[in-house]
Structures are given as C-alpha cells and as structure tokens.
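Visitor: As you go down the protein sequences, you meet chains P and D in turn.
Using my numbering, the final residue of the first sequence is 121, and nothing's skipped along the way.
Using my numbering, the final residue of the second sequence is 144, and nothing's skipped along the way.
Cβ atoms here follow ideal geometry from the backbone N, Cα and C, with glycine treated the same way.
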Amino acid sequence: SAVISQKPSRDICQRGTSLTIQCQVDSQVTMMFWYRQQPGQSLTLIATANQGSEATYESGFVIDKFPISRPNLTFSTLTVSNMSPEDSSIYLCSVGKGNYGYTFGSGTRLTVV
Amino acid sequence: DAKTTQPPSMDCAEGRAANLPCNHSTISGNEYVYWYRQIHSQGPQYIIHGLKNNETNEMASLIITEDRKSSTLILPHATLRDTAVYYCIVRGLTGANSKLTFGKGITLSVRP
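Put into structure tokens, the structure is as follows:
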C-alpha cells in the first residue's frame, strides 16, 4: 500500500488566517481525497482531488473555503481559508489504488483560536 | 449518507474473539463491504473487504450473509491494541459509489 506523508501534523492558528496542508505519496495514485473529522465525530469527505483539473467538492464544502491543488499524481494540498474556531478538526488525506483499501495519512490536527 | 448500520459500542475480553456486526440491507450487487478501524489519534486503517464470499487475512475474517444484507467482522484473538472505532462501509468501484462514506462506526473496547 502507499505511504503518505502529511504536513503539518498539528497547528494552532489565529482566526481569519489560512493554513495549507500538504499530502505527499510515495507512489503515483489515481485517487486522492481530503476528509475532515470534527471532535468526537466520524470522518466527512470534503473533496476528491483531481489531477490536472478542479477538485470535486461534496455537499456543504466549497472551493473558496477549501481550495485544493493537485499538480501531479503524488502530491496534493488542502487550504483551510479564513479560519474560525468551527474549523478546528483533524484533516486527513487519503489515497486509493484500484480495488484495494484506501490508505490514510496520520492527519493534521488543527486548532483555531 | 452511510449505507450501513452498526451498534454504537461493544466490548470483549482480551484473547477472546470479537464479532462486530454490520447491517447493509440496501447494498447493490456491485458494491463491496469494507472494514476500517481508527485507533485513537490515528488515521483510519484498512482491515479487509469482500463482495459475497467470506474473506480472511492476517488481521481478521469477514463473514457476509448469503443475501449480503449483513456482515460480521471477526477478530479471532482480540488484544488491548484492538481497542478502536471500527467502520463498516459499503463501496462500489466506479463513480460516486467509489467514495468511502463513513458512518458512526462501532467502538470496540477490549478489556484485560
């Protein structure tokens, strides 16, 4: 399975600022996803990061708030823009290859103060 | 929305088998059953998946009923390190159904 490096592992940010989270994979992957896990909750899919085209966002998530880049098949970034305390969550990158289980990064624990 | 239903929690004794149930009565013919677990403060970890036959790997066994409307994940000899939230997920291979949609999962507590 793929090995994912996600950075930063945690951060404390001021409200109104933005944070960019990086996801680096050790091999080329077709599918890359970004999830959010709010405190005490399950994972919610934010968007699918498409290589060479705009990301596909799930209901309730918009590009202005969560811009995503995917310049190649091994790298993606998620930006959390104009942050508020409600954005405090764990953000996870996930990649998939074919029919097998998706691999998840260890996550970025974000606290907005 | 998640297409599965799981009890919120269960526990078992260390060394005993843990049997985690999952209902997926609306599963389609081309959708697989996947199991993931999330140990506290870590990303979810893939455990096993199956279509209609029972499956076994080094981590667990997956038993799917003949009508495919439910399944059971079996951890044959639970250890304290198996304490985690376990997610049962129904997933297709193409299009919108290929995404992993997480429900609330079941919290397994393994007691000494």
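#1: Rounded to whole angstroms, what is the Cα-Cα separation between Gly-61 of chain D and Leu-94 of chain D?
#2: Of the choices D:Asn-51, D:Glu-63, D:Ile-71, whose alpha-carbon is the least far from that of Lys-84 of chain D?
#3: Report all residues from its chain with a CB closer than 7 Å to the CB of Ala-45 of chain D; omit the five preceding and five following residues, and keep chain order.
#4: Below 7 Å between beta carbons is the criterion; list the residues of the region 72-92 of chain D that meet it against any residue of chain P, in chain order.
#5: Taking a cut of 7 Å between CB atoms, which residues from the region 115-132 of chain D lie near chain P?
#6: Here's a check: name, in chain order, each residue in its chain whose Cβ is nearer than 7 Å to the Cβ of Met-36 of chain P, leaving out the five neighbours to either side.
#7: Measuring CB to CB, does Ser-41 of chain D end up less than 8 Å from Ile-138 of chain D?
#8: Is the separation between the beta-carbon of Arg-23 of chain P and that of Ser-92 of chain P shorter than 8 Å?
#9: Spell out whether any CB of chain D is found under 8 Å from the CB atom of Gly-115 of chain P.
#10: Give me whichever residues DSSP pairs with Ile-80 of chain D in a beta bridge.
#11: Report yes if the C-beta distance between Ile-79 of chain D and Ala-92 of chain D is below 8 Å; otherwise report no.
#12: Is there contact here, the region 50-59 of chain D with the region 94-113 of chain D, by at least three beta-carbon pairs under 8 Å?
#13: Could you please give the first and the last residue of the uninterrupted beta strand (DSSP E) stretch that includes Tyr-119 of chain D?
#14: By Cβ distance, which residues of its chain are closer than 6 Å to Ser-141 of chain D, with the 5 residues on each side in sequence left out?
#15: Which of the three DSSP states is assigned to Arg-48 of chain D in this structure?
#16: What residues in its chain sit with their C-beta under 6 Å from that of Gln-32 of chain P, if we drop five residues either side in the sequence?
#17: Counting only Cβ pairs nearer than 9 Å, list the residues of chain P close to Lys-136 of chain D.
#18: Where does the unbroken beta strand (DSSP E) through Arg-18 of chain P begin, and where does it stop?
#19: Rounded to whole angstroms, how far is the Cβ of Pro-75 of chain P from the Cβ of Ser-89 of chain P, which I believe are closer than 8 Å?
#20: Which same chain residues end up closer than 7 Å to Arg-48 of chain D when comparing Cβ atoms and leaving out the 5 residues on each side of it in sequence?
#21: Using a C-beta to C-beta distance shorter than 7 Å, which residues of chain D count as neighbours of Phe-74 of chain P?
#22: At a cut-off of 7 Å, is Asn-85 of chain D close to the ligand PLP when judged by its beta-carbon and the heavy atoms of the ligand?
Guide: So, to answer that:
#1: Cα to Cα, the separation comes out at about 17 Å.
#2: Ranking D:Asn-51, D:Glu-63, D:Ile-71 by CA distance to the CA of Lys-84 of chain D puts D:Glu-63 first.
#3: In chain order, Arg-143 place their CB closer than 7 Å to the CB of Ala-45 of chain D, counting only its own chain and leaving out the 5 sequence neighbours on each side.
#4: For chain P, the residues of the region 72-92 of chain D that bring a beta carbon within less than 7 Å of one of its beta carbons are Gln-74, Gly-75, Pro-76, Tyr-78, His-81, in chain order.
#5: Those would be Leu-125, Lys-131, Leu-132, in chain order.
#6: It should be noted that the sequence gives Gln, not Met, for residue 36 of chain P. Setting aside the 5 residues that flank it on each side, Gln-36 of chain P is surrounded in the same chain by Leu-81, Thr-82, each with a C-beta closer than 7 Å to its C-beta; the list follows chain order.
#7: In this structure, Ser-41 of chain D lies near Ile-138 of chain D, with their beta-carbon atoms less than 8 Å apart.
#8: Contact flag set, yes.
#9: So, interface residue.
#10: Paired residues: D:Trp-67.
#11: Yes.
#12: They touch, by the three-pair rule.
#13: From DSSP, the beta strand (DSSP E) with Tyr-119 of chain D extends over 116-123.
#14: These residues qualify, in order along the chain: Asp-43, Thr-115.
#15: Here Arg-48 of chain D sits in coil by DSSP.
#16: Apart from sequence neighbours up to five positions away, the residues of its chain that approach Gln-32 of chain P with a beta-carbon distance below 6 Å are Ser-13, Phe-83, ordered along the chain.
#17: From the beta-carbon of Lys-136 of chain D, the residues of chain P found nearer than 9 Å are Gln-49, Ser-50.
#18: Here the beta strand (DSSP E) through Arg-18 of chain P covers 18-21.
#19: Right, their Cβ atoms sit about 7 Å apart.
#20: Correct list, in chain order: Ala-110.
#21: What Phe-74 of chain P touches in chain D: nothing, since even the nearest Cβ is about 16 Å away.
#22: Absence of the ligand PLP is noted for the structure shown, with no ligands found whatsoever.
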